[in-house]
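Chemist:
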Amino acid sequence: MRRIKPSKKCRGDSTVSRSSEKQRGKPQNGALRPNILFIIADDLNYRTIHALNNPEIHTPNLDRLVAQGTTFTHCFHQGSWSSAVCIASRTMLYTGYTTFKARQYAETAPLWVETLTKAGYDTHIVGKWHLSRHNLKRSFATTGPIGPPGMFVSTTSSREAYNRPAPGNTWQPWDKSRKGHWVPAPDWMTKNTSGKADPVVHSNDIWTNAAVDFLAGRGGQTAPFMLCIGSYLPHDPRQAPKHFFDLYPPAKISVPPNYLPCHPFDLGDYTVRDERLAPFPRTQQAVQQHRSEYYAVITKLDADIGRVLSALDQSGQAENTIVIVTSDHGLAVGEHGLMGKQNLYDCSVRMPLIIRGPGIAQGKILDAMVYQHSIYPTVCELAAVDVPPCVEFPSLAGMLRGENTVKHDVMFCRYRDLQRSVRTRRYKLIVYPQINLIQLFDLLNDPWETANLAQSPEYAQVKRKLMAKLGRLQKQLGDPLSPLSVADEPDEVKEN
Numbered sequence: 000m001r002r003i004k005p006s007k008k009c010r011g012d013s014t015v016s017r018s019s020e021k022q023r024g025k026p027q028n029g030a031l032r033p034n035i036l037f038i039i040a041d042d043l044n045y046r047t048i049h050a051l052n053n054p055e056i057h058t059p060n061l062d063r064l065v066a067q068g069t070t071f072t073h074c075f076h077q078g079s080w081s082s083a084v085c086i087a088s089r090t091m092l093y094t095g096y097t098t099f100k101a102r103q104y105a106e107t108a109p110l111w112v113e114t115l116t117k118a119g120y121d122t123h124i125v126g127k128w129h130l131s132r133h134n135l136k137r138s139f140a141t142t143g144p145i146g147p148p149g150m151f152v153s154t155t156s157s158r159e160a161y162n163r164p165a166p167g168n169t170w171q172p173w174d175k176s177r178k179g180h181w182v183p184a185p186d187w188m189t190k191n192t193s194g195k196a197d198p199v200v201h202s203n204d205i206w207t208n209a210a211v212d213f214l215a216g217r218g219g220q221t222a223p224f225m226l227c228i229g230s231y232l233p234h235d236p237r238q239a240p241k242h243f244f245d246l247y248p249p250a251k252i253s254v255p256p257n258y259l260p261c262h263p264f265d266l267g268d269y270t271v272r273d274e275r276l277a278p279f280p281r282t283q284q285a286v287q288q289h290r291s292e293y294y295a296v297i298t299k300l301d302a303d304i305g306r307v308l309s310a311l312d313q314s315g316q317a318e319n320t321i322v323i324v325t326s327d328h329g330l331a332v333g334e335h336g337l338m339g340k341q342n343l344y345d346c347s348v349r350m351p352l353i354i355r356g357p358g359i360a361q362g363k364i365l366d367a368m369v370y371q372h373s374i375y376p377t378v379c380e381l382a383a384v385d386v387p388p389c390v391e392f393p394s395l396a397g398m399l400r401g402e403n404t405v406k407h408d409v410m411f412c413r414y415r416d417l418q419r420s421v422r423t424r425r426y427k428l429i430v431y432p433q434i435n436l437i438q439l440f441d442l443l444n445d446p447w448e449t450a451n452l453a454q455s456p457e458y459a460q461v462k463r464k465l466m467a468k469l470g471r472l473q474k475q476l477g478d479p480l481s482p483l484s485v486a487d488e489p490d491e492v493k494e495n
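Residue numbers (numbering that gives the first Met the number 0): 0 to 495.
Okay, here's the thing in structure tokens:
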């Protein structure tokens, strides 16, 4: 385990002062600062938690957190400048900057974990980071095992096999010879096993074991901790022990109501890597196969979260620990004829956000629209740590304390220069400026976003108002495509 010194300078278009000694360990009112356990998944759709919205999936530990904490059911990310949506989402999370600034200031902004480290937190990370090594070094006081940038890559044959089902395909996600998430066991996991340990383990077991060891080693330490666990699940390749897949026979998995064999038009990145994981056109059988494996690795992730929660309970520090579970974004997995996250449908731009901890209401479900990137100021406020003035997203701490406050009445999202959207509680408008196309959905009556109302005369005023909201947000956020001029959708280009 490597200990580093927090950086002495915070640079960006704003600065933050170093914490005083009075702030280190406890806030100035004398109360103990809460610990922070932050778990972030990769590609976790918001419709994948049994207790909230999906009777097909087994997630007992996430269900436990829902019962013990507060859940935001309408949590969004603000979009991406890249097909690697995870990088953009995480950059906004850790910098607190909005989508058109985060990339510019990523290497100089006062980062979320860096801010906690300067305030006296014992900050530690295991698993996926996915930002620069420079930002990793200046954020965390110590690091455990860190995974590769991007994703785990399986063997060539298994990558081809993922485009399935297909005749003669013998690839199995529990086959440890296929690499990917099946990796050599590190020495520290096998040294006390008398030679009986499996030489190949699942990547998520490495992060989980390291997190459990970190929590077990907290005895006698007085500084509050911030433990970040970055899981690569449920991102493909979707691999795990066989018993997780046995829970989900593909033929019994539901096809989503918005299933389509092909998306009705080219969104701009229709042949990106994520979309090539399943055959064109998408068959219902292929969607069932992918969703069954998606659910299986989510259940694997849930089981590992349960191990970490048990270790937290055994450490004796659970009552003073804020637990946060979220994801960088969602994933289509067969919705709208799509497989990836390079789109602005709810399946991709929404993610779970569950927060449990001291002073946070139990079993509370909030449907207010929030950005996931508000975690930065929220944790700082709950920990009595000053929020750097350059952070642009609002804190949700008041909502967690029961205040009936609305942070956003409209949400903005973008994908590269190919897509823009605005979303209110009832309506969503998506604009595709490169192909001069608009979608409009009535989410109250059509939550699966299946009926495009953009050309309906009775919704013409709604469309105009949303276009105006979009223009204002583009200007406010510094969108280089502002002002966006899009004609009415041409008659020859419509959704089926």
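The beta-carbon is built from N, C-alpha and C at its ideal position, and this holds for glycine as well.
Figure out for me which residue from Gln-418, Leu-452, Pro-248 has the closest Cα to the Cα of Ser-79.
Modeler: Walking along the sequence shown from the start, residue 79 turns up at place 80. The shortest Cα separation from Ser-79 among Gln-418, Leu-452, Pro-248 belongs to Gln-418.
Chemist: Less than 8 Å separating the beta-carbons of Asp-312 and Phe-224?
Modeler: Counting from one through the sequence shown, the residue named residue 312 turns up at place 313. Counting from one through the sequence shown, the residue named residue 224 turns up at place 225. Going by C-beta atoms, Asp-312 is not nearer than 8 Å to Phe-224.
Chemist: Using a Cβ distance threshold of 8 Å, determine whether the segment 214-230 contacts the segment 254-270, with at least three qualifying pairs required.
Modeler: Contact between the segment 214-230 and the segment 254-270 is absent, because fewer than three Cβ pairs lie under 8 Å.
Chemist: So what's Asn-60 in DSSP terms, helix, strand or just coil?
Modeler: Residue numbering aside, residue 60 sits at position 61 when the sequence shown is read from its first letter. Three-state result, Asn-60: helix.
Chemist: For Leu-259, which residues from the same chain have a beta carbon less than 8 Å from its beta carbon, with the 5 sequence-adjacent residues on both sides left out?
Modeler: Here residue 259 refers to the residue found at position 260 of the sequence shown. Closer than 8 Å at Cβ, skipping near neighbours: Arg-281, His-335, Gly-336, Asn-495.
Chemist: Answer yes or no: do Val-322 and Leu-110 have a C-beta to C-beta separation smaller than 8 Å?
Modeler: Residue numbering aside, residue 322 sits at position 323 when the sequence shown is read from its first letter. Residue numbering aside, residue 110 sits at position 111 when the sequence shown is read from its first letter. Cβ atoms of Val-322 and Leu-110: not closer than 8 Å.
Chemist: Under 8 Å by Cβ, that's how I've got Pro-393 and Ser-373 pegged, so tell me the actual separation to the nearest angstrom.
Modeler: For the purposes of this step, residue 393 is identified with residue 394 of the sequence shown, where counting begins at 1. For the purposes of this step, residue 373 is identified with residue 374 of the sequence shown, where counting begins at 1. Going by Cβ atoms, the distance from Pro-393 to Ser-373 rounds to 6 Å, so yes, they are a contact pair.
Chemist: Are Leu-352 and Phe-71 touching if we call contact CB-CB under 8 Å?
Modeler: For the purposes of this step, residue 352 is taken as the residue at position 353 of the sequence shown. For the purposes of this step, residue 71 is taken as the residue at position 72 of the sequence shown. Their beta carbons are under 8 Å apart, which means Leu-352 touches Phe-71 by this criterion.
Chemist: Taking C-beta to C-beta, are Thr-496 and Gln-371 nearer than 8 Å?
Modeler: Nothing in the structure corresponds to residue 496, since the chain is present only between 0 and 495.
Chemist: What are the boundary residues of the alpha helix (DSSP H) that Met-91 is part of?
Modeler: Position 92 of the sequence shown, counted from the start, is the residue given in the question as residue 91. 84-94 is the extent of the alpha helix (DSSP H) around Met-91.
Chemist: Using a Cβ-Cβ cutoff of less than 8 Å, which residues in the same chain neighbour Ser-131 once the five nearest sequence positions on both sides are dropped?
Modeler: Translated into positions along the sequence shown, residue 131 becomes position 132. Taken in chain order, the residues that qualify are Ala-105, Glu-106.
Chemist: If Ala-209 and Pro-198 are in contact, beta carbons under 8 Å, what's the gap, nearest whole angstrom?
Modeler: Counted from its first residue, the sequence shown places residue 209 at position 210. Counted from its first residue, the sequence shown places residue 198 at position 199. Rounded, the Cβ-Cβ distance is 18 Å, inconsistent with contact.
Chemist: Identify whether Ser-481 lies in helix, strand or coil by the three-state DSSP scheme.
Modeler: The residue you call residue 481 lines up with position 482 of the sequence shown. Ser-481 falls in the coil class under three-state DSSP.
Chemist: So, using beta-carbon positions, are Phe-151 and Ser-88 closer together than 8 Å?
Modeler: In the sequence shown, the residue the question calls residue 151 occupies position 152. In the sequence shown, the residue the question calls residue 88 occupies position 89. No, Cβ-Cβ distance for Phe-151 and Ser-88 is not below 8 Å.
Chemist: Helix, strand or coil, according to DSSP, for Ala-450 in the structure here?
Modeler: As a position in the sequence shown, residue 450 is number 451, starting the count at 1. It is coil, neither helix nor strand.
Chemist: Would you decide whether Leu-428 is buried or exposed? Buried here means 16 or more other CB atoms lie within 10 Å of its CB.
Modeler: Mapped onto the sequence shown, residue 428 falls at position 429. Burial call: buried.
Chemist: Per DSSP, Lys-178 is paired with what?
Modeler: If you number the sequence shown from 1, residue 178 lands on position 179. Its beta-bridge partners are Ser-153.
Chemist: Pop quiz: Glu-448 and Asp-345 are said to be a contact at Cβ under 8 Å. What is the actual Cβ separation, rounded to whole angstroms?
Modeler: Position 449 of the sequence shown, counting from 1, holds the residue named residue 448. Position 346 of the sequence shown, counting from 1, holds the residue named residue 345. Correct: roughly 6 Å between the Cβ atoms.
Chemist: Where do the N-terminal and C-terminal ends of the beta strand (DSSP E) with Ile-434 fall, by residue?
Modeler: As a working mapping, residue 434 is identified with position 435 in the sequence shown. Premise fails: Ile-434 is in no beta strand (DSSP E) and is neither H nor E.
Chemist: Would you be able to state if there are at least three C-beta pairs under 8 Å between the segment 465-474 and the segment 288-298?
Modeler: As far as the Cβ criterion goes, the segment 288-298 does not touch the segment 465-474, which means the pair count is below three.
Chemist: Does the Cβ-Cβ distance between Arg-306 and Ile-252 come in under 8 Å?
Modeler: For this step, residue 306 is matched to residue 307 along the sequence shown. For this step, residue 252 is matched to residue 253 along the sequence shown. Their beta carbons are not under 8 Å apart, which means Arg-306 does not touch Ile-252 by this criterion.
Chemist: Going straight from the alpha carbon of Phe-505 to that of Arg-272, what length do you get?
Modeler: The structure shown has nothing for residue 505, since the chain only spans 0 to 495.
Chemist: Assign Asn-444 to one of two classes, buried (16 or more other C-beta atoms within 10 Å of its C-beta) or exposed (fewer than that).
Modeler: In the sequence shown, the residue the question calls residue 444 occupies position 445. The residue in question, Asn-444, is exposed, as its Cβ has fewer than 16 Cβ neighbours within 10 Å.
Chemist: Thinking C-alpha only, which one of Thr-298, Val-369, Met-188, Leu-381 is nearest Lys-241?
Modeler: Residue numbering aside, residue 241 sits at position 242 when the sequence shown is read from its first letter. Looking at the Cα atoms, Thr-298 is the closest of the given residues.
Chemist: With a Cβ-Cβ cutoff of 8 Å, do Leu-399 and Val-369 count as a contact?
Modeler: Against the sequence shown, residue 399 aligns to sequence position 400. Against the sequence shown, residue 369 aligns to sequence position 370. Not closer than 8 Å, so no.
Chemist: Anyone know if the C-beta pair for Leu-300 and Pro-249 falls short of 8 Å?
Modeler: Working through the sequence shown from its first residue, we reach residue 300 at position 301. Working through the sequence shown from its first residue, we reach residue 249 at position 250. No. Outside cutoff.
Chemist: Using a 10 Å radius around the Cβ and a threshold of 16 neighbouring Cβ atoms, would you call Gly-29 buried or exposed?
Modeler: For this step, residue 29 is matched to residue 30 along the sequence shown. The predicted position of Gly-29 is uncertain, since its pLDDT is 48 and thus under 50; a value taken from the coordinates is nonetheless stated next. It counts as exposed.
Chemist: The beta strand (DSSP E) that contains Phe-37, what's its start and end?
Modeler: For this step, residue 37 is matched to residue 38 along the sequence shown. Unbroken beta strand (DSSP E) run through Phe-37: 34-40.
Chemist: Assuming Tyr-426 contacts Asp-441 under a Cβ cut-off of 8 Å, what Cβ separation, rounded to an integer in Å, is found between them?
Modeler: As a first step, residue 426 must be located in the sequence shown, where it is residue number 427. As a first step, residue 441 must be located in the sequence shown, where it is residue number 442. With 8 Å as the limit, Tyr-426 and Asp-441 qualify as a contact, their Cβ atoms being about 6 Å apart.
Chemist: Suppose contacts are defined by Cβ-Cβ distances below 8 Å. Is Phe-47 in contact with Gln-77 by that definition?
Modeler: As a position in the sequence shown, residue 47 is number 48, starting the count at 1. As a position in the sequence shown, residue 77 is number 78, starting the count at 1. The displayed chain sequence assigns Thr, not Phe, to residue 47. Not in contact: Thr-47 and Gln-77 (Cβ atoms no closer than 8 Å).
Chemist: Suppose you measure from the CA of Gly-216 to the CA of Gly-333; what does that come to, to the nearest Å?
Modeler: Reading the sequence shown from its first residue, position 217 is the one you call residue 216. Reading the sequence shown from its first residue, position 334 is the one you call residue 333. Roughly 43 Å between the two C-alpha positions.
Chemist: Could you tell me the boundaries of the alpha helix (DSSP H) in which Cys-412 lies?
Modeler: Start at 1 with the first residue of the sequence shown, and residue 412 comes out as number 413. Element bounds for Cys-412: not the alpha helix (DSSP H) but the beta strand (DSSP E), 410-414.
Chemist: For Cys-85, which residues in the same chain have their Cβ closer than 7 Å to its Cβ, ignoring the five residues on either side in sequence?
Modeler: Stepping through the sequence shown from its first residue, residue 85 is reached at position 86. For Cys-85, where only same-chain residues beyond five positions count, the Cβ hits under 7 Å are Asp-41, His-129, Asp-327, His-328.
Chemist: Would you report the Cα separation of His-49 and His-57, rounded to the nearest angstrom?
Modeler: As a working mapping, residue 49 is identified with position 50 in the sequence shown. As a working mapping, residue 57 is identified with position 58 in the sequence shown. His-49 and His-57: Cα-Cα distance of roughly 6 Å.
Chemist: Taking Asp-273 as part of the beta strand (DSSP E), name the residues at either end of that continuous run.
Modeler: Looking up residue 273 in the sequence shown gives position 274. Neither: Asp-273 is in no beta strand (DSSP E) and is coded neither H nor E.
Chemist: For Ser-326, which three-state DSSP category applies?
Modeler: Taking the sequence shown and counting its residues from 1, the one referred to as residue 326 is at position 327. Strand.
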